[in-house]
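Peer 1:
Residue numbers (the working numbering), protein chains in the order written: chain A, 6 to 347; chain B, 6 to 347.
Set out below in structure tokens:
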């Protein structure tokens, strides 16, 4: 019993995905190499169901993950990212931070805005829409290129129930899974929307997720309890765009972001918290969104050269471990024109 | 078939609630007089499940509602607000508008702030947290009175799936249910939070809901397709605080709020949209939040006299129809101190 608890707290290792089907997908356990998946309907049908009773369900999922690695899981099938919905196809909470100050500084510098005084002392979070998430290869449907379509390559965590007023120290234990995500943003709608004072609404649209969510233990030493010490790679139409390290130049780690979010209220199981566009001070590693690259261009050359996304553009976001293996699988999606239903 | 469709579109009549139990409650159909309730597990276990397949499930729920009115529903039991969770105890989206400009004008006038230029031409919405809603008689647990605890008495709608880019004209058909709600706000945390530019987070905490959600048809002529033409009554510690009419001085109706929310993205089934603190230009009807009354006091007397909420204060929000019957049942809750778990 004591051994099981220590194991659960310290080194639980598994990868989970939700195959497309219904509104909440179908939970599968995925092999470390992302080659095989096995459904677990007798344990939990959906990832939300697993998160709702994580203490009881996680050990059973991990047992299945071990069987899968040993080639002993009954009914295992090939795993393909294209079959995946987001790990949580819809969620009860999605809040995104802005923990990489190099990103905030560049973007604000370029438009002549000051950093908020509190930026260095407390995290900045916004409440996002969580009713319709995209899977890793789903097209990003939008009606108008002139909105200034941009990607934001990020890492995020999924929590169990977090009590109101939790400390950062205790928050780390509530991080049950990690994901990659693309927080699609409409740059040309942001200024007018933020000027109204209530934050983003129309300017933050789709959020897309990596094929699998992984437990902290699955990351090994790359997870330090605060972030993931690996580069997050983005390519645009096959051309490398950026590969900043997600643990480098992060002003606030995930435990601080969770504690900030839970200061005045509890967070429900399945809450997803992002850390914002990953950015390093070292400009040579490139950027995780177009707006930031445009800001760097403007500072260096007086004008932005890189255009925002057009229909047909393809964005790929992936994180490789020290041995070059994809940890989460890739987000790999095309921007497409949405035609209104009549 | 044609008759059924016309009926569904025009005059569906029922009241629904979720009794406490599990994370998503247990769906019941409630009688018009709010005296009886009957579980419908063979139709749908939860309200979210009903909204996910509304076209198929709603007629069956309505049939049960008719049996209940006739005294023919098997297993009907007394209905009590204290047994209720929120109609959706957790939801995939909660967005709140600010459609009553008298409220916005008073509050901004009092703090010397201008109305945003767009206030008169397009709706203002913020994305709220939807992972933990309160039932009508649940205590409002908060850690600190100095945060400036306030209520906001509102009406809201619950939609089915709304397509991206929907027009206001088509949006009205996606309004499946209406509710009352209390959008608890921490006034003293708002200025610093809004100054950071990303909208509310820590300053918008609990949202509490009326015992029942009702279909538009249930409201009869009080529903004009845009709002509810009845006064929304709030009492504080038993003393009348305000009773503005919810259809009066509303700059944007629910169809406009939904169209604004869906301009760049679809809305998932079970999306809840609020219209903001109900307020009329006529000051004699009182207010639906303390901040607004304080603003009126400040303008009239140079200082605000009404204090924000303290632990032990009780807020009651209710809407009576033309014959004095409670339409939604009452939100009736006490502010209580949250003691941190150690």
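Ideal placement from N, C-alpha and C gives every residue a C-beta, glycine not left out. This one's a predicted model, so the numbers in the text were calculated from it and none came from an experiment.
1. Exposed or buried, which one is residue 287(A) when buried takes at least 16 other CB atoms within 10 Å?
2. For residue 337(B), does the three-state DSSP call read helix, strand or coil?
3. Less than 6 Å between C-beta atoms, sequence neighbours within five positions excluded: which residues of the same chain meet that for residue 303(B)?
4. At 9 Å on the CB atoms, spell out the chain B contacts of residue 148(A), in chain order.
5. May I have the straight-line CA-CA distance separating residue 293(B) from residue 108(B), to the nearest angstrom?
6. Which residue's Cα is closest to the Cα of residue 185(A): 140(A), 229(A), 195(A)?
7. Are there 16 or more other CB atoms within 10 angstroms of the CB of residue 289(B), so buried, or fewer, so exposed?
8. Can you tell me where the alpha helix (DSSP H) with residue 303(A) in it begins and where it stops?
9. Going by Cα to Cα distance, which pick from 78(A), 285(A), 100(A) is closest to residue 255(A)?
10. Can you give me the Cβ contacts of residue 146(B) inside the same chain, cut-off strictly under 6 Å, excluding the 5 residues immediately before and after it?
11. Measure from the alpha carbon of residue 162(A) to the alpha carbon of each residue in 148(A), 173(A), 182(A), then state which is nearest.
12. How far does the beta strand (DSSP E) with residue 320(A) in it reach, from first residue to last?
13. Is DSSP giving residue 242(A) helix, strand or coil here?
14. At least one CB of chain A closer than 8 Å to the CB of residue 14(B): is that the case?
15. Going by DSSP, what residues sit across from residue 188(A) in a beta bridge?
16. In angstroms, rounded to a whole number, what distance separates the CA positions of residue 323(A) and residue 246(A)?
17. Could you tell me the distance, in whole angstroms, from the CA atom of residue 331(A) to the CA atom of residue 260(B)?
18. Residues of chain B with CB under 7 Å from residue 211(A), in chain order?
19. What residues in its chain sit with their C-beta under 7 Å from that of residue 127(A), if we drop five residues either side in the sequence?
20. Exposed or buried, residue 133(B), counting other C-beta atoms within 10 Å across all chains shown (16 or more means buried)?
21. Give me the chain B residues within the contact set of residue 361(A), using Cβ-Cβ distance strictly less than 9 Å, ordered along the chain.
22. Can you name the start and end residues of the beta strand (DSSP E) that residue 99(A) belongs to?
23. Report all residues from its chain with a CB closer than 6 Å to the CB of residue 204(A); omit the five preceding and five following residues, and keep chain order.
24. How long is the line joining the alpha carbons of residue 75(A) and residue 235(A), rounded to whole angstroms?
25. Is it right to say residue 306(A) is buried, meaning 16 or more other beta carbons lie within 10 angstroms of its own, or is it exposed?
26. Excluding sequence positions up to five away, which residues of its chain have a Cβ less than 6 Å from the Cβ of residue 13(B)?
27. Using 8 Å as the limit for Cβ to Cβ distance, is residue 132(A) near chain B?
28. If we ignore side chains and look at the alpha-carbon of each, how far apart do residue 345(A) and residue 169(B) end up?
29. What are the boundary residues of the alpha helix (DSSP H) that includes residue 113(B)?
30. Residues in its own chain within less than 6 Å of residue 299(A) by CB, not counting five upstream and five downstream?
31. For residue 329(A), I'd like the list of residues in its chain whose CB is within less than 8 Å of its CB, leaving aside the five on either flank, ordered along the chain.
32. Please tell me whether residue 97(A) has its Cβ less than 8 Å away from any Cβ of chain B.
33. To the nearest angstrom, how far is it from the Cα of residue 22(B) to the Cα of residue 263(B)?
34. For residue 175(B), which option in 217(B), 267(B), 280(B) has the closest C-alpha, if you only look at C-alpha atoms?
35. Near residue 150(B), what residues of its chain come up, given a Cβ to Cβ distance below 7 Å and the 5 sequence neighbours on each side ignored?
36. How would you write the range of the beta strand (DSSP E) that residue 32(B) sits in, first residue to last?
Peer 2: This is what the structure gives:
1. Within the first chain, the letter at position 282 stands for residue 287(A). The residue in question, residue 287(A), is exposed, as its Cβ has fewer than 16 Cβ neighbours within 10 Å.
2. Against the second chain, residue 337(B) aligns to sequence position 332. Residue 337(B) sits in a strand when the DSSP states are folded into three classes.
3. Walking along the second chain from the start, residue 303(B) turns up at place 298. Excluding sequence neighbours, residue 303(B) sits near 115, 309.
4. For this step, residue 148(A) is matched to residue 143 along the first chain. Correct list: 169, 170, 268, 269.
5. Against the second chain, residue 293(B) aligns to sequence position 288. Against the second chain, residue 108(B) aligns to sequence position 103. C-alpha of residue 293(B) to C-alpha of residue 108(B): approximately 9 Å in a straight line.
6. Counting from 1 along the first chain, the entry for residue 185(A) is found at position 180. Nearest of 140(A), 229(A), 195(A) to residue 185(A), Cα basis: 140(A).
7. Taking the second chain and counting its residues from 1, one reaches residue 289(B) at position 284. Exposed.
8. Sequence index remark: in the first chain, residue 303(A) carries index 298 (1-based). For residue 303(A), the enclosing alpha helix (DSSP H) stretches over residues 295–306.
9. The residue given as residue 255(A) occupies position 250 in the first chain. For residue 255(A), the nearest C-alpha among the options comes from 285(A).
10. To locate residue 146(B), count along the second chain from 1; it is residue 141. For residue 146(B), where only same-chain residues beyond five positions count, the Cβ hits under 6 Å are 341, 343.
11. By one-based count along the first chain, residue 162(A) stands at place 157. The closest CA to that of residue 162(A), considering only 148(A), 173(A), 182(A), is found on 182(A).
12. As a first step, residue 320(A) must be located in the first chain, where it is residue number 315. Its beta strand (DSSP E) spans residues 319–324.
13. Stepping through the first chain from its first residue, residue 242(A) is reached at position 237. Looking at residue 242(A) - three-state DSSP - the assignment turns out to be coil, as it is neither helix nor strand.
14. By 1-based counting over the second chain, the position of residue 14(B) is 9. Residue confidence is low: residue 14(B) scores 49 on pLDDT, short of 50, so the model does not pin down where it sits. Its coordinate-derived value is still stated next. Taking Cβ atoms only, chain A never reaches closer than 8 Å to residue 14(B), which makes this a no.
15. Looking up residue 188(A) in the first chain gives position 183. Note: residue 188(A) sits in a beta bridge opposite 212(A).
16. Counted from its first residue, the first chain places residue 323(A) at position 318. Counted from its first residue, the first chain places residue 246(A) at position 241. Spanning the two alpha carbons is a distance of roughly 12 Å.
17. For the purposes of this step, residue 331(A) is identified with residue 326 of the first chain, where counting begins at 1. For the purposes of this step, residue 260(B) is identified with residue 255 of the second chain, where counting begins at 1. C-alpha of residue 331(A) to C-alpha of residue 260(B): approximately 45 Å in a straight line.
18. The residue you call residue 211(A) lines up with position 206 of the first chain. 270, listed in chain order.
19. By one-based count along the first chain, residue 127(A) stands at place 122. For residue 127(A), same chain residues with a beta-carbon under 7 Å away, outside a window of 5 residues either side, are 265 in chain order.
20. What you label residue 133(B) is simply residue 128 of the second chain in a count that begins at 1. Buried: at least 16 other Cβ atoms inside 10 Å.
21. Lying outside 6 to 347, the shown extent of chain A, residue 361(A) is not represented and no answer is given.
22. For this step, residue 99(A) is matched to residue 94 along the first chain. First-last of the beta strand (DSSP E) with residue 99(A): 99–102.
23. Reading the first chain from its first residue, position 199 is the one you call residue 204(A). These residues qualify, in order along the chain: 131.
24. Here the question's residue 75(A) lines up with position 70 in the first chain. Here the question's residue 235(A) lines up with position 230 in the first chain. For residue 75(A) and residue 235(A), the distance between alpha carbons rounds to 27 Å.
25. Working through the first chain from its first residue, we reach residue 306(A) at position 301. With fewer than 16 Cβ atoms within 10 Å of its Cβ, residue 306(A) is classed as exposed.
26. Walking along the second chain from the start, residue 13(B) turns up at place 8. For residue 13(B), the pLDDT reaches just 37, beneath the cut-off of 50, and the residue's location in the model is therefore unreliable, although a value from the coordinates is still provided. The answer is none, since no qualifying residue turns up.
27. Here residue 132(A) is taken as the residue at index 127 of the first chain, counted from 1. Yes - at least one Cβ of chain B is within 8 Å of the one on residue 132(A).
28. Start at 1 with the first residue of the first chain, and residue 345(A) comes out as number 340. Start at 1 with the first residue of the second chain, and residue 169(B) comes out as number 164. Distance from the CA atom of residue 345(A) to the CA atom of residue 169(B), rounded to whole angstroms, is 7 Å.
29. Reading the second chain from its first residue, position 108 is the one you call residue 113(B). It spans 106–115 - the alpha helix (DSSP H) in which residue 113(B) sits, taken as one unbroken run.
30. Within the first chain, numbered from 1, the residue matching residue 299(A) stands at position 294. Around residue 299(A), the same chain offers 309, 311 as residues with beta carbons nearer than 6 Å, after the five sequence neighbours per side are excluded.
31. By 1-based counting over the first chain, the position of residue 329(A) is 324. Cβ neighbours of residue 329(A) within its own chain (closer than 8 Å, five residues either side excluded): none.
32. Taking the first chain and counting its residues from 1, one reaches residue 97(A) at position 92. At least one chain B Cβ lies under 8 Å of residue 97(A).
33. As a working note, residue 22(B) is residue 17 in the second chain. As a working note, residue 263(B) is residue 258 in the second chain. Those two C-alpha atoms are separated by around 23 Å.
34. As a first step, residue 175(B) must be located in the second chain, where it is residue number 170. Closest by alpha carbon: 267(B).
35. Locating residue 150(B) in the second chain gives position 145, where the first residue counts as 1. Contacts found: 315, 316.
36. Within the second chain, residue 32(B) is the residue found at index 27, counting from 1. Per DSSP, the continuous beta strand (DSSP E) segment holding residue 32(B) begins and ends at 31–35.
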